Amino acid sequence: VITTTVPKMLVNILTQSKAISYAACVAQMYFFMALTCVDNFLLTAMAYDRFVAICQPLHYATIMSPRLCVLLMMLSWIISLVGALIQSLMVMRLSFCGDHEIQHFFCDFPQVLKLSCSDTFNNYMLLYIMAAILGIVPLTGIVFSYSQICSTILKVPSAKGKYKAFSTCGSHLSVISLFYGTGMGVYFSSSITHSSWKSTV
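Numbered per my numbering, the sequence shown spans residues 1 to 201.
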């Protein structure tokens, strides 16, 4: 996700300009959404992998076959790229007039939709549907996997066994926390400081 925002930020710092072309804005939105969704789906696949390893260790090799791993990875990419493409095409159909200042530090769908003078009802509906499919469904999978993992770990009689099982999931849980924590931080901070000119491009 950093790869979609940092290059433009570095150009802005070097040129002392916060301007971005319409085509570059749409491209940034597309790649930001696609890569964010891929991250989200891959984190869900990894949570499922941990679930199988801890809850069904004897069947791990059978369930998590190389074929299933490739299938999960390919589905993550295909769903994410198609979802981002649909959103980007919907934005490209809009007309823009008046103020073209985005109240954010990068081009994001909700911020760009606010600038449109066209009817954006369909865009917002699509945005909410895509957020549910590409955001809430993977998060539900992660929560379900870890609830089952915790339930299984608590049944382990030895403290050493519990520690080993928890340590297996520690790094993945920290990545999930960083992913969702920074995502919420970006959107909450932008909604709080939306009137500040410092966050605009």
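Beta carbons are placed, not taken as given, at the ideal position from N, Cα and C, and that holds for glycine.
In this text, all values refer to a predicted model and were calculated from it rather than measured experimentally.
Nearest-angstrom Cα distance between residue i and residue j?
i      : j      : result
Asn12  : Tyr48  : 40 Å
Lys198 : Cys150 : The predicted position of Lys198 is uncertain, since its pLDDT is 47 and thus under 50; a value taken from the coordinates is nonetheless stated next. Computed Cα separation, rounded: 43 Å.
Ser174 : Trp77  : 23 Å
Leu72  : Lys8   : 31 Å
Thr4   : Cys25  : 10 Å
Ser21  : His100 : 11 Å
Cys55  : Thr15  : 54 Å
Asn122 : Lys18  : 29 Å
Leu42  : Leu75  : 10 Å
Ser158 : Met125 : 50 Å
Leu178 : Leu68  : 26 Å
Phe105 : Val6   : 10 Å
Ala45  : Met92  : 32 Å
Leu154 : Thr140 : 21 Å
Helix, strand or coil: how does DSSP classify residue i here?
i      : result
Thr96  : Checking the sequence, you will find Phe at residue 96 rather than Thr. Reduced to three states, the DSSP call for Phe96 is strand.
Ser17  : coil
Ser116 : strand
Ser65  : coil
Phe105 : coil
Gln148 : helix
Val156 : coil
Gln56  : coil
Within its chain, find whatever has a CB closer than 6 Å to the CB of residue i; leave out the 5 residues flanking it on each side and keep chain order.
i      : result
Ser116 : Leu94 and Phe96
Thr218 : Since the first residue shown for the chain is 1 and the last is 201, residue 218 is missing from the structure and cannot be characterised.
Ordered along the chain, which non-local residues of its own chain (more than five positions away) have a Cβ less than 7 Å from that of residue i?
i      : result
Arg50  : Ser145, Ile149, Thr168, Cys169 and His172
Gly135 : Asn40
Val156 : Lys162 and Ala165
Excluding the five sequence neighbours on either side, which residues of its own chain have a C-beta within less than 8 Å of the C-beta of residue i, listed in chain order?
i      : result
Leu127 : Gln87, Phe109, Pro110 and Leu113
Ile176 : Leu43, Ala47 and Ile142
Can we count residue i as close to the ligand PLP, meaning its CB is less than 7 Å from some heavy atom?
i      : result
Tyr163 : Absent from the structure shown: the ligand PLP. Ligands present: none.
How should residue i be labelled, buried or exposed, when 16 other C-beta atoms within 10 angstroms of its C-beta is the threshold for buried?
i      : result
Thr62  : exposed
Ser265 : For the chain, the structure presents residues 1 to 201; residue 265 sits outside this window and is missing.
Val52  : buried
Ala23  : exposed
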